[in-house]
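As structure tokens, the structure follows; a few thoughts come after it.
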Amino acid sequence: MKEQIFPILFFSFLLAVFLGLAAYFIPWGNINWGKVEFAQSSTITVTGEAKGDQTNQIATFNATVAVSNDDKQTAIDEVNKTVNEMVAKIKEFGIADKDIKTESMSIYKNDPAYSQSGTWSVSNSVTIKLNDASKAQEMAGLLGQSGATSVYGPSFATDNTKDLDTQLLTLAITDAKKKAEEMAASSNRRLGKVINIIESGSDAGIYRYSAMGMGGGGGAELNPGTSTVYKTVTVVFELK
3 MKEQIFPILF
13 FSFLLAVFLG
23 LAAYFIPWGN
33 INWGKVEFAQ
43 SSTITVTGEA
53 KGDQTNQIAT
63 FNATVAVSND
73 DKQTAIDEVN
83 KTVNEMVAKI
93 KEFGIADKDI
103 KTESMSIYKN
113 DPAYSQSGTW
123 SVSNSVTIKL
133 NDASKAQEMA
143 GLLGQSGATS
153 VYGPSFATDN
163 TKDLDTQLLT
173 LAITDAKKKA
183 EEMAASSNRR
193 LGKVINIIES
203 GSDAGIYRYS
213 AMGMGGGGGA
223 ELNPGTSTVY
233 KTVTVVFELK
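Below you can see the structure in the form of structure tokens.
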């Protein structure tokens, strides 16, 4: 056992002597070890924009039936009867149940000092979503003959803008790249890879016709028109 330990102790002694001599004679302070630096990459952030027009695909109407009567129940019954008949015609036109919504109903007693039209006023409003905007003229005519005392609409809007969104995204990124290249060139730099892209966008809102008191036909010709869709991207490029 002692014979096995002795070589290990002897080797350890020699190693300690060597390290001690090296520490004493080698000029460690004069050695240039260099340094490691982690340089932050240079980037540029730009915004790209694009817009395009999309044909409006849907039209929304709001029809209200209002009745005033000295008898409360009579007023309610008249409104319900007219609304039920109107909804039946709307369904016959091809509008699904999910696209017909009772928006608001009100029942209130008039103040005799300010109203002579009857003691009770009752109203009910129905919102109709028409998924084929080209039929807006026909729907306006139907509502005009339905007994509704007022009709608001149509409000035209887009529905599916997926294809246009894809095109606008490409155009917006191209716009951002062009701006970035111009900015980089002004400082004698060039663009590297794309670091990050943030996308945003919106349409131009809903195009509304003004309220119509509908007592007869559908009135002037209704044109669905278009809505403007916007796409904006914020792109971070590497600078070389």
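Each step along the sequence shown adds one to the number in my numbering, with nothing skipped, and position 24 is 26.
The C-beta atom is built at its ideal place from N, Cα and C for all residues, glycine as well.
In angstroms with no decimal places, state the Cα-to-Cα distance between Thr-121 and Val-81. One alpha carbon belongs to Thr-121, the other to Val-81, and they sit about 15 Å apart.
Between which two residues does the beta strand (DSSP E) harbouring Thr-104 extend? Counting along the chain, the beta strand (DSSP E) containing Thr-104 begins and ends at 102-111.
From Thr-49 to Lys-100, what does the alpha carbon distance come to, in whole angstroms? Those two C-alpha atoms are separated by around 40 Å.
In terms of residue numbering, what span does the alpha helix (DSSP H) encompassing Ala-142 cover? Start and end: 138-146.
Closer than 6 Å by C-beta to Thr-47: which residues in its own chain qualify, once you throw out the five before and the five after it? Chain order, please. The residues are Val-238.
What residue from Asp-161, Ile-200, Leu-144 and Val-89 has the CA that sits closest to Ala-174's CA? For the residues Asp-161, Ile-200, Leu-144 and Val-89, the minimum Cα distance to Ala-174 belongs to Ile-200.
Is the number of C-beta pairs between the region 220-235 and the region 150-161 that are closer than 8 Å three or more? Short answer: they touch.
I'd like the list of long-range same chain contacts for Val-89, defined as Cβ closer than 7 Å, with 5 residues on each side in sequence excluded. If we look at Val-89 and ignore the five residues flanking it on each side, its Cβ neighbours are Ile-102 and Val-128.
Lys-180, buried or exposed, once every other Cβ within 10 Å from all chains shown has been counted against 16: Exposed is the call here.
With Val-85 and Val-67 assumed to form a contact (beta carbons below 8 Å), what rounded beta-carbon distance in angstroms separates them? With a Cβ gap of about 5 Å, Val-85 and Val-67 count as contacting.
Alpha carbon to alpha carbon, how far is Ile-60 from Lys-137? Between Ile-60 and Lys-137, the C-alpha separation is close to 9 Å.
Since Gln-56 and Thr-176 should fall inside the 8 Å C-beta cutoff, what is the C-beta to C-beta distance between them, to a whole number of angstroms? About 20 Å separates the two Cβ atoms, so there is no contact after all.
Residues bridged to Leu-241 [DSSP beta-bridge criterion]: BP columns for Leu-241 point to Leu-193.
I need the boundaries of the beta strand (DSSP E) containing Ala-61, first residue and last residue. Counting along the chain, the beta strand (DSSP E) containing Ala-61 begins and ends at 60-71.
Measuring alpha carbon to alpha carbon, tell me which of Asn-64, Asn-112 and Gly-143 ends up nearest Ser-106. Closest option to Ser-106, Cα to Cα, is Asn-64.
Taking C-alpha atoms, which residue in Lys-74, Ile-109, Thr-62 and Asp-72 lies nearest to Met-141? Comparing Cα-Cα distances from Met-141 to each of Lys-74, Ile-109, Thr-62 and Asp-72, the minimum goes to Thr-62.
When you compare each of Thr-230, Leu-145 and Met-185 to Glu-94 by their alpha carbons, which one comes out closest? The shortest C-alpha separation from Glu-94 is found at Leu-145.
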